[in-house]
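The next block holds one structure in the form of structure tokens; read it before the comments.
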Amino acid sequence: MPTASIDHEEFIQFLYQCPVGIAQIDPGGGITLLNAKGSQLLMPHAPRALLENLFDVLDPHDPTLRGLPSTFEGYGTLCEHRVVRVESPDAGSPRVQHLAFTLLKIGPETIMAVFEDVSRVVAAEDEARDLLTTAAIESGRSELAAEVLHDIGNAVVGIGTRTATLLEDSGWPELDQLGKLGAFLSLRAEELAASLGAKKAEALARLVGEIHGALDDRRRRTEESMQSFTASVHHIQEILNLHRHYARQNARGLRERIPLRAIAEDALTIQASALEKRSIAIERRTAPGLPKLSLDRTRMIQVLGNLLKNACEAFDACPAEAGRTIVVEIAPAPAGPGVRMELRDNACGFAPEQAESFFEKDTSTKGRGSGLGLYHCRKVVEAHGGTLVLRSDGPGCGASSVLTLPDTPTPEPDHA
Amino acid sequence: MVRRMRESVDFPTPPGQARGAAPMEFRDEHLLESLTVATPEQLDALPFGVVRMDLHGIVDGYNRFESDLSGLSAERVVGKPFFEQVAPCTNNYMVAERFAEDSLDEQLDYVFTYRMKPTKVRLRLLKASPSAEHQYLLVEKS
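Keeping their order, the protein sequence lines are chains A and B.
Residues in the first sequence are numbered consecutively from 7, following our numbering.
Residues in the second sequence are numbered consecutively from 2, following our numbering.
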């Protein structure tokens, strides 16, 4: 029985614990030496637990690697940090990894393969690319939105002006004249009866009176509609102004010190119709003396708007009941300077273990809004140094969105 | 050169069983019960590798067969985290992550890298319960 010398043992352990995979292969991919990390990385992707040939393992994912040795002359690097996306063959729960391979020809029939798991790096790069794409899209969207909002705003101003003019000119002289005619006929009833006959005179006076009453009723209803229409136009202008304000802010991407309550109120205004349509009451609970926070106003209105929208839509999955309420509670942060905001609804709720799944990217769950939205909401909040969690005690128990933001100094703006 | 081992070893009768010779084999249905009461000498006599760990994966038994295959002495590996420092080739969802299960008796084909040589092995993963004192990784050369 061989007894390993200490040096030999240390060398083996050194290779066992090497944090990257190392394999010695022949030009056909046959594995002659392999360290422990190499086995750890390759085994999950080895069909039928066979790990005799590196290219056999990698062929389904990148068949071009196999051809590299035959086209390479001399010694040196066949490929460097070639990232291969590998998926385990377990159909039940496929696992994806990104392995980066460097192949070095070190002898006529000997190639050293060095490889490592770069899945996290690839994920981080994907995320950074997504963020850049999102930022570019949002920037373009903001510019477009600002232009569209400007045009709509002009049109709405025209409607508002015309509506105001109509209200001011709402005198109905013909109706007044008809009223006077009715009064005249009543006053001259006896004379009319003498000339037309009593029945005809009475019928004429009654007809004029009924026409006058009907027209007066129509005038009253028209004026009420006009007033309601004017109020709606004002509301549209208010929302347009808010959006235009945020669209401008978005283009600048600055942070400013503002009270979270102010953004919450703007979000409530924007979501007013969604709340009203579902007969949801808003209960505000704001602690006094809360600090202003350094916030990206545009991003935060998107976050609060999204959370409110989700809370509203949560009621759609519930039977229509009286007492639909969303409590908006803003209080000091429980730990350290900052603000905690909770949106608490009494809608259908969810199983507590589901909470984190709503934040997964590309996940959408009916009843709690868009997963993509919440994924980005959390990213925005985390970029502010805060946290965002969803909570529920279970189906039928309502749900809460809890947002905590620290009070941090406003960063200096970047000037290009 | 690796010493030739017997194919099976007489083993103490597990509690609750009739007394008598109880040969311990890799595929023995009651192997876990036998391992639990085995002495280090008995483990060293087995014709397959035995790694005994606590539930955190810290090695507290490493039999001779496994030591001969890996080239690592028991003294060097006892007290170390098995999946991270002794046999990182097992530190994936196929082996290490399986031990997160409450109880386990699973066999699978695998490739170890004893002295850098890819070596086909058959693994058996054993764990009685979340409150058990030990869990075991058994290695049989294919």
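Cβ atoms here follow ideal geometry from the backbone N, Cα and C, with glycine treated the same way.
Just so it is clear, the structure is predicted and the values come from calculations on it, not from any experiment.
Near residue i, which residues of its chain fall below 7 Å by C-beta distance, leaving aside the five closest residues on each side in sequence?
| i | result |
| --- | --- |
| B:Lys118 | none |
| A:Asp322 | none |
| B:Arg7 | Residue placement at B:Arg7 cannot be trusted, given a pLDDT of 39 that sits under 50; what the coordinates show is reported in the next sentence. Only Pro48 meet the Cβ criterion. |
| A:Arg91 | His67, Val102 and His104 |
| A:Ser279 | none |
For a contact meaning CB atoms closer than 8 Å, what does residue i contact in chain B?
| i | result |
| --- | --- |
| A:Met118 | Result: empty, since nearest Cβ-Cβ is about 12 Å, beyond 8 Å. |
| A:Leu296 | Those within 8 Å of A:Leu296 in chain B number zero; the least Cβ separation is about 44 Å. |
| A:His51 | Ordered by position in chain B, no residue passes the 8 Å Cβ test against A:His51, which lies about 10 Å from the chain. |
| A:Glu319 | Within chain B, no residue comes near A:Glu319; the closest Cβ sits about 37 Å away, beyond 8 Å. |
| A:Gln360 | The premise fails here: A:Gln360 is roughly 22 Å from chain B at the closest Cβ pair, so nothing lies under 8 Å. |
Using the Cα positions of residue i and residue j, report the straight-line distance between them to the nearest angstrom.
| i | j | result |
| --- | --- | --- |
| A:Glu319 | A:Ala55 | 49 Å |
| A:Ala357 | A:Leu274 | 27 Å |
| B:Lys81 | A:Arg384 | 39 Å |
| A:Ile37 | B:Leu139 | 25 Å |
| A:Gly402 | A:Glu122 | 48 Å |
| A:Ser231 | A:Leu246 | 22 Å |
| A:Gly113 | A:Tyr81 | 7 Å |
| A:Gln23 | B:Gly72 | 14 Å |
| A:Leu198 | A:Gln183 | 19 Å |
| A:Ala119 | A:Leu394 | 44 Å |
| A:Ala389 | A:Ala129 | 18 Å |
| A:Gly379 | A:Thr140 | 12 Å |
| A:Arg350 | B:Gln136 | 46 Å |
| A:Gly185 | A:Leu202 | 21 Å |
| A:Leu172 | A:Ile269 | 35 Å |
| A:Asp302 | A:Arg263 | 9 Å |
| A:Ile288 | A:Asn160 | 32 Å |
| A:Asp223 | A:Leu181 | 11 Å |
| A:Thr70 | B:Val52 | 40 Å |
| A:Glu144 | A:Lys315 | 20 Å |
At what residues does the beta strand (DSSP E) containing residue i begin and finish?
| i | result |
| --- | --- |
| A:Asp32 | Careful: A:Asp32 lies outside any beta strand (DSSP E) and carries neither H nor E. |
| B:Arg53 | Gly50 to Met54 |
| A:Leu84 | Gly82 to Glu93 |
| A:Glu359 | Neither: A:Glu359 is in no beta strand (DSSP E) and is coded neither H nor E. |
| A:Glu262 | Glu262 to Ile264 |
| A:Leu39 | Ile37 to Leu40 |
| A:Leu394 | Thr393 to Arg397 |
Against residue i, what residues of chain A qualify as contacts under a CB-to-CB distance less than 7 Å, listed in chain order?
| i | result |
| --- | --- |
| B:Gln86 | Gln23 |
| B:Val79 | Result: empty, since nearest Cβ-Cβ is about 13 Å, beyond 7 Å. |
| B:Leu36 | Those within 7 Å of B:Leu36 in chain A number zero; the least Cβ separation is about 23 Å. |
| B:Gly50 | Per Cβ cutoff of 7 Å: no residues; B:Gly50 is ~14 Å from chain A at best. |
Using a C-beta to C-beta distance shorter than 7 Å, which residues of chain B count as neighbours of residue i?
| i | result |
| --- | --- |
| A:Arg101 | Tyr94 |
| A:Ala42 | Ala88, Pro89, Cys90 and Thr114 |
| A:Leu57 | Val112 and Pro119 |
| A:Ile37 | Pro119 |
| A:Gln277 | Result: empty, since nearest Cβ-Cβ is about 43 Å, beyond 7 Å. |
So, for residue i: in the same chain, excluding its five sequence neighbours on each side, which residues have a beta-carbon less than 6 Å away from its beta-carbon?
| i | result |
| --- | --- |
| A:Asn352 | Thr331 and Gly404 |
| A:His218 | Leu184, Gly185 and Gly188 |
| A:Ala428 | Since the first residue of chain A shown is 7 and the last is 422, residue 428 of chain A is not available in this structure. |
| B:Gly58 | Pro82, Phe83 and Phe84 |
| B:Ser141 | In the sequence on display, residue 141 of chain B carries Glu and not Ser. Excluding residues within five positions, the ones whose Cβ falls inside 6 Å are Phe27, Phe49 and Arg123. |
| A:Thr292 | Arg267 and Ile336 |
| B:Tyr94 | none |
| B:Arg114 | In the sequence under discussion, the amino acid at residue 114 of chain B is Thr, which differs from the Arg named in the question. Cys90, listed in sequence order. |
Looking at the secondary structure, which residues open and close the alpha helix (DSSP H) in which residue i lies?
| i | result |
| --- | --- |
| B:Phe66 | Arg65 to Ser71 |
| A:Leu191 | Pro179 to Leu193 |
| A:Glu282 | Ala278 to Lys283 |
| A:Ala405 | Here A:Ala405 belongs to no alpha helix (DSSP H); instead the beta strand (DSSP E) covers Ala405 to Pro412. |
| A:Ala106 | Taken as a continuous stretch (DSSP letters only), A:Ala106 belongs to no alpha helix (DSSP H), being part of the beta strand (DSSP E) at Val102 to Gly113. |
| A:Ile425 | Coverage of chain A is limited to positions 7 through 422, which leaves residue 425 of chain A absent and any answer about it impossible. |
| A:Val424 | The first residue shown for chain A is 7 and the last is 422, placing residue 424 of chain A beyond what the model contains. |
| A:Asp62 | Leu60 to Leu64 |
| B:Val79 | Segment: none, B:Val79 is in no alpha helix (DSSP H) and carries neither H nor E. |
| B:Glu85 | Where B:Glu85 is concerned, there is no enclosing alpha helix (DSSP H), given that its DSSP letter is neither H nor E. |
| A:Gly400 | Careful: A:Gly400 lies outside any alpha helix (DSSP H) and carries neither H nor E. |
| A:Leu74 | Leu74 to Thr77 |
| B:Ser35 | Leu32 to Thr37 |
| A:Gly2 | What the structure shows of chain A is the stretch from 7 to 422, and residue 2 of chain A is not part of that stretch, so it cannot be assessed. |
Just to confirm my understanding: we take residue i, look at its own chain, exclude 5 residues before and 5 after, and list those with CB closer than 8 Å. What are they?
| i | result |
| --- | --- |
| B:Leu32 | Met25, Glu26, Arg125, Leu127 and Leu139 |
| A:Pro25 | Lys43 and Glu122 |
| A:Val214 | Leu184, Leu187, Gly188 and Leu191 |
| A:Val345 | Leu266, Leu296, Pro297, Leu299, Ile336, Ala337, Pro338, Ala339, Thr410, Leu411 and Asp413 |
Run down chain B in chain order and give the residues with a C-beta less than 9 Å from the C-beta of residue i.
| i | result |
| --- | --- |
| A:Glu93 | Going along chain B, no residue has its Cβ under 9 Å from A:Glu93, so there is no contact; the nearest lies around 13 Å. |
Applying a beta-carbon distance threshold of less than 9 Å, which residues of chain A neighbour residue i?
| i | result |
| --- | --- |
| B:Leu73 | Ala10, Glu15, Ile18, Gln19 and Tyr22 |
My parser needs the alpha helix (DSSP H) runs of 4 or more residues fully inside the stretch 94–136 of chain B; what are they?
Whole alpha helix (DSSP H) segments, 4+ residues: zero.
Restricting to runs no shorter than 3 residues, where is the beta strand (DSSP E) found entirely within the stretch 275–357 of chain A?
Contiguous beta strand (DSSP E) elements confined to the stretch 275–357 of chain A occur at 287–292, 299–301, 331–338 and 344–351, taking only those with 3 or more residues.
Length-filtered (3 minimum) beta strand (DSSP E) runs lying within the stretch 213–243 of chain A:
The qualifying runs do not exist here; there are none.
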